[in-house]
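**Q** Have a look at the structure that comes next, please.
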Amino acid sequence: MLRWIILILLLVSIYKSYVGSTSKKTFDPGDKKIWLFTLIASHLTLLLGLYQWLFGRYGLFSYVKPDGISMMKDPYLRFFQMEHPVSMILAVLFITLGYGTAKKDLEDQAKYKKALRYFLLALVLILVAVPWPFRGLVARPLFPGM
Ligand code: HEM
Numbered sequence: 688m689l690r691w692i693i694l695i696l697l698l699v700s701i702y703k704s705y706v707g708s709t710s711k712k713t714f715d716p717g718d719k720k721i722w723l724f725t726l727i728a729s730h731l732t733l734l735l736g737l738y739q740w741l742f743g744r745y746g747l748f749s750y751v752k753p754d755g756i757s758m759m760k761d762p763y764l765r766f767f768q769m770e771h772p773v774s775m776i777l778a779v780l781f782i783t784l785g786y787g788t789a790k791k792d793l794e795d796q797a798k799y800k801k802a803l804r805y806f807l808l809a810l811v812l813i814l815v816a817v818p819w820p821f822r823g824l825v826a827r828p829l830f831p832g833m
């Protein structure tokens, strides 16, 4: 569920910063608000994710690996214990930097352009690191619980 909220908000943020950077528009406080919602959604997911990462089903502290299994050699564990968390933490970092540009003392177009770059980086990381249903071994349903 949360992935959809983040993806939709992120896409709107990207659209707003794209329009802002290609037009001569002055910086719109409404855009900053959408960016803020994206920031909040991503930080909530970060908190939930950090909890899962440490104490969840495959948590670093809660999951007892069967003998002879190494996390980095097991593609499933590597995905949920390394690749997914690290990529998502970076994505949240980029969303935070993107939101931060709204407060920077920059020219309006430069602000939009910089934010656009950060949001696009975050989008790529999220798209690559979500366990989409077509991801084979690590696949998860599009709508969990349905
Ligand atoms: C933009 C941020 C994120 C998105 C969109 C996202 C998305 C997802 C999705 C779709 C799943 C599969 C849920 C299911 O259907 O079972 C998942 C699982 C998981 N995520 Fe994230 N995630 C994000 C951030 C994070 C972060 C920051 C961490 C850790 C620091 C994290 C750790 C995990 C773990 C450990 C699981 C596996 C949970 C389990 O199966 O027990 N996620 N995430």
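Each number in the numbering used here comes from the position in the sequence shown (counting from 1) with 687 added on.
Idealized CB from N, CA, C, for every residue including glycine.
(1) Quick one: is the Cβ of L733 within less than 6 Å of any heavy atom of ligand 1?
(2) Does the separation of the CB atoms of Y799 and L784 fall below 7 Å?
(3) Whole angstroms are fine: how far does the CA of K760 sit from the CA of L689?
(4) Is the beta carbon of V751 within less than 6 Å of some heavy atom of ligand 1?
(5) Which of helix, strand or coil does DSSP assign to R827?
(6) Using CA atoms only, rank isn't needed, just tell me which of S710, T713 and T725 is closest to L698.
(7) With distances taken Cα to Cα, identify the nearest neighbour of A797 among W691, I692 and V706.
(8) Please report the straight-line C-alpha distance between Y763 and P818, rounded to a whole angstrom.
**A** Let's see:
(1) Remark: the shortest separation between the CB of L733 and any heavy atom of ligand 1 falls under 6 Å.
(2) With respect to the 7 Å criterion, Y799 and L784 are not classified as neighbours on the basis of their beta carbons.
(3) Linking L689 to K760 through their CA atoms gives a straight-line distance of about 29 Å.
(4) Ligand 1 never approaches V751 closely enough for any of its heavy atoms to be under 6 Å from the residue's Cβ.
(5) It is coil, neither helix nor strand.
(6) Nearest C-alpha to L698: T725.
(7) Of W691, I692 and V706, the residue nearest in Cα terms is V706.
(8) Rounded to whole angstroms, the separation of the alpha carbons of P818 and Y763 is 11 Å.
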